[in-house]
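In what follows, a structure is listed as structure tokens, so that the remarks can point back to it.
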Amino acid sequence: MRYCVFQTVETWAAVLIGIGAGWFYLLGSKLLVYFRIDDAVDAIPVHMVGGAWGVIATGLFTKGELLLAAFGQEEHVGWFYEWGSGSGNFTLIGIQLLSVLFIFAWTFSVMGIYFYALSFMGWLRIDPLEEEVGMDISRHKGSAYDMTSANMEQVRSLMDDRSTSNRGKLRKSSIIEKPAKTGPIEGGTASGESEIKESDVEHAERV
């Protein structure tokens with residue numbers, strides 16, 4: 429019974445750590461928007477806020493058994509376990525908080541100098557026009573997403589190709605580069621541009 433109780437406590441500790449990580453991430457993401465800090469991939473909420481919470485959670489939830497297995501001693505357990513034993517020992521959580529502050533100070537000092545140097549030389553940001561156009565176009569020579577509609581001839585070629593013995597093989601280049609016909613085709617226009625039917629596209633994806 430005692431083992432089951434400890435297992436339950438460990439499970440709830442893991443749940444609380446996970447819930448806390450989620451809420452701290454959301455809070456960090458909201459603060460970025462509020463302070464107008466550009467972080468398109470939410471790296472700061474994930475790595476800085478989430479990492480800090482992981483370090484602090486260690487000082488709150490570490491059991492004596494884990495300390496014994498890792499370091500050969502079980503003194504100065506997590507603060508919640510200290511409370512449970514009637515002690516207010518702040519040693520472990522205090523060390524963890526100091527670790528977070530040290531990491532912040534080290535990172536801001538080193539990277540602050542680095543970013544200041546980049547800014548001083550004019551290398552920190554790209555040209556405002558490039559920002560407006562987007563770096564996919566200005567630096568990588570193409571959009572990351574193809575927003576054009578599917579071509580009817582390519583869809584039909586794909587359907588024919590998948591229905592033959594070529595299934596699973598690389599498609600012929602003619603499927604990609606097949607020129608449009610000059611005359612009208614079924615479901616197309618006089619200019620040779622065919623109208624895309626959603627049912628044909630869905631069928632091509634299924635076959």
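Residue 429 is where the sequence shown starts when you use my numbering, and the numbers rise one by one after that. By construction, the Cβ of each residue, glycine as well, lies at the ideal position given by its N, Cα and C atoms. All values derive from a computational prediction rather than experimental measurement.
Across the structure, THR490 and GLY512 are spaced so that their CA atoms are roughly 12 angstroms apart.
In summary, GLY506 is buried, with 16 or more beta-carbon neighbours lying within 10 Å of its beta-carbon over all protein chains present. Ranked by Cα distance from TRP481, the first of LEU525, PHE543, GLY500, ILE541 is LEU525. Here the segment 470-477 makes contact with the segment 448-460; the two share three or more CB pairs at distances below 8 angstroms. It is roughly 22 angstroms from the alpha-carbon of TYR462 to the alpha-carbon of GLY540.
ILE484 counts as buried, since no fewer than 16 other beta carbons sit within 10 angstroms of its beta carbon. Under the three-state reduction of DSSP, TYR573 is assigned to coil, being neither helix nor strand. Take GLY487, set aside five residues on each side of it, and the residues of its chain with a beta-carbon closer than 8 angstroms to its own are GLY506, TRP507, LEU520, ILE521, GLY522, ILE523, GLN524, LEU525, in chain order. Counting along the chain, PHE536 sits inside the alpha helix (DSSP H) bounded by residues 519-548.
In this structure, the alpha-carbon of PHE532 lies about 15 angstroms from that of TYR542. A direct Cα-to-Cα measurement between MET587 and VAL561 gives close to 37 angstroms. Counting every other CB atom within 10 Å of its CB across the protein chains shown gives MET563 a total below 16, marking it as exposed. Where PHE463 is concerned, there is no enclosing alpha helix (DSSP H), because DSSP gives it neither an H nor an E. Straight-line measurement puts the Cα of TYR544 at about 25 angstroms from the Cα of SER527.
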